[in-house]
Amino acid sequence: MAEKMSFIVFSGSADKLQAAATMVSGAAAMGVETHLFLTFWGLNAFRKDMVGQPLPMSSEAGDMAEMMGKLMMEKGVPPWSSVLADAIDIGDVHVHACAMTMDLMDMPKEALVDVVEDVIGVGRFIELSAGGSVVFI
Amino acid sequence: MPTAATKEIDARGSFCPGPLMELIRAIRDADVGDTIAILSKDPGSRTDIPAWVAKAKHEMVEISDEDGYSRYVVKKAR
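Here the protein sequences come in this chain order: A and B. According to the numbering used here, the first sequence is numbered sequentially starting from 616. According to the numbering used here, the second sequence is numbered sequentially starting from 12.
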């Protein structure tokens with residue numbers, strides 16, 4: 616098993632964040648060192664004023680977007696942010712913000728939720744993820 | 012007769028990966044030698060709980076199928 620997994624979280628859609636948070640939980644549970652690199656819309660979803668707001672489904676959802684949203688509500692799927700908080704609580708999970716996106720969106724570190732550990736450049740992310748598997752979502 | 016446990020957690024309302032997360036927390040808070048029983052309706056628990064127990068070096072005591080859910084008994088081994 617990979618001893619390290621890194622997730623490049625590019626998407627800020629509800630379904631992809633849910634999938635990312637769930638996979639991160641699995642990695643955290645299995646004792647795998649896990650890094651999240653938040654960039655573009657993924658980073659935008661970690662803004663303090665965005666967490667808890669309803670997010671759109673990804674474009675893949677197409678006509679099923681509304682039904683999927685309903686199913687997630689009905690089945691009591693926990694919000695992705697709480698799935699991720701649980702993963703951070705039980706495992707070796709590190710959340711990094713992309714410096715370039717912060718700069719692009721004029722976003723200070725204070726605008727982001729506390730689970731974000733630091734602001735790093737892509738070079739540092741490449742270094743952190745070296746030797747493990749990398750997932751882009 | 013199902014195996015009695017030190018603590019029983021009903022995670023039947025919890026969605027994947029909730030039951031596993033609840034088990035991990037309960038094991039963390041338990042004493043070595045304690046047994047935790049967890050009830051789960053999540054089909055993923057069937058693979059994930061035994062995989063975690065093996066990886067974390069605890070002991071899978073019992074898995075039993077009940078009506079619409081499964082009961083997993085895990086012993087904290089270290």
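Glycine included, C-beta positions come from ideal geometry on N, C-alpha and C. Given the structure is predicted, the values throughout are model-derived calculations rather than measurements.
C-beta contact flag for residue i and residue j at 7 Å
i	j	result
F655 of chain A	V728 of chain A	no
A712 of chain A	V731 of chain A	yes
K724 of chain A	V708 of chain A	no
S628 of chain A	P693 of chain A	no
E84 of chain B	A16 of chain B	In the sequence on display, residue 84 of chain B carries Val and not Glu. The answer is yes: Cβ separation under 7 Å.
G677 of chain A	S626 of chain A	no
L603 of chain A	V710 of chain A	Absent from the model: residue 603 of chain A. The displayed extent of chain A is 616 to 752, so no value can be given.
I47 of chain B	K18 of chain B	yes
A700 of chain A	A643 of chain A	no
D45 of chain B	C27 of chain B	no
Residue-chain proximity (residue i, chain A), Cβ-Cβ < 7 Å
i	result
M71 of chain B	no
I35 of chain B	yes
K66 of chain B	yes
Below-7 Å beta-carbon distance, residue i vs any chain B residue
i	result
I705 of chain A	yes
V710 of chain A	no
Anticipated Cβ contact below 8 Å, residue i with residue j, distance rounded
i	j	result
I613 of chain A	A636 of chain A	Past the boundaries of the shown model lies residue 613 of chain A; chain A is included only from 616 to 752, so the question cannot be answered.
K87 of chain B	I38 of chain B	5 Å
D59 of chain B	L31 of chain B	5 Å
I621 of chain A	L743 of chain A	Checking the sequence, you will find Ser at residue 621 of chain A rather than Ile. The pair is a contact, with the Cβ atoms about 7 Å apart (cut-off 8 Å).
L630 of chain A	M683 of chain A	The question names Leu, yet the displayed sequence has Asp at residue 630 of chain A. The pair is a contact, with the Cβ atoms about 6 Å apart (cut-off 8 Å).
E618 of chain A	G706 of chain A	Not confirmed; about 13 Å, so no contact.
For residue i, the residue or residues it bridges with in DSSP
i	result
Y83 of chain B	B:I49, B:I74
T649 of chain A	A:M620, A:V708
E19 of chain B	B:A48
L727 of chain A	A:R662
F751 of chain A	A:I623
I735 of chain A	A:C713
Fill in: Near-chain B residues of the region 626-650 of chain A - C-beta to any C-beta below 8 Å
T637, S640, G641, A644, M645, G646
Practice prompt. Report the residues of the region 712-735 of chain A with a CB closer than 8 Å to any CB of chain B, ordered along the chain.
Written response: none
Discussion item. So if I threshold CB-CB distances at 7 Å, which residues from the region 662-693 of chain A count as touching chain B?
Written reply: K690, G691, V692, P693
Practice prompt. Scan the region 16-32 of chain B for residues whose Cβ lies nearer than 9 Å to a Cβ of chain A and list them as they occur along the chain.
Written response: G24, S25, F26, C27, P28, G29, L31, M32
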